[in-house]
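In the working numbering, the protein residues as written are 2 to 53.
So this is what it looks like as structure tokens:
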């Protein structure tokens, strides 16, 4: 499954959902680092999920 990241309605990145399988913590760290490149930070009440 293709995953996409949007900011203000504009797609800024994409990747394969299978890439997050394995260690869920590594997936969240990757997400936080990828979003940081665009000036976006994860907030305490936000949810990240991946489905196969």
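By construction, the Cβ of each residue, glycine as well, lies at the ideal position given by its N, Cα and C atoms. Everything numeric in this text was worked out from a predicted model, so none of it was measured.
Could you tell me the boundaries of the beta strand (DSSP E) in which residue i lies?
| i | result |
| --- | --- |
| residue 11 | 11-17 |
| residue 6 | 3-8 |
Can you list, in chain order, the residues of its chain whose CB lies under 6 angstroms from that of residue i, leaving out five sequence neighbours each side?
| i | result |
| --- | --- |
| residue 1 | Only positions 2 to 53 of the chain appear in the structure, and residue 1 is not among them; the question remains open. |
What would DSSP say about residue i, mapped onto helix, strand or coil?
| i | result |
| --- | --- |
| residue 27 | helix |
| residue 47 | coil |
Give every residue of the same chain whose Cβ lies closer than 8 angstroms to the Cβ of residue i, excluding the five residues on either side of it in the sequence, and list them in chain order.
| i | result |
| --- | --- |
| residue 3 | 15, 16, 17, 18 |
| residue 36 | 6, 42, 43 |
Leaving aside the five residues before and after residue i along the sequence, list all residues of the same chain whose C-beta is less than 7 angstroms from its C-beta, in chain order.
| i | result |
| --- | --- |
| residue 39 | 8, 13 |
| residue 29 | 49 |
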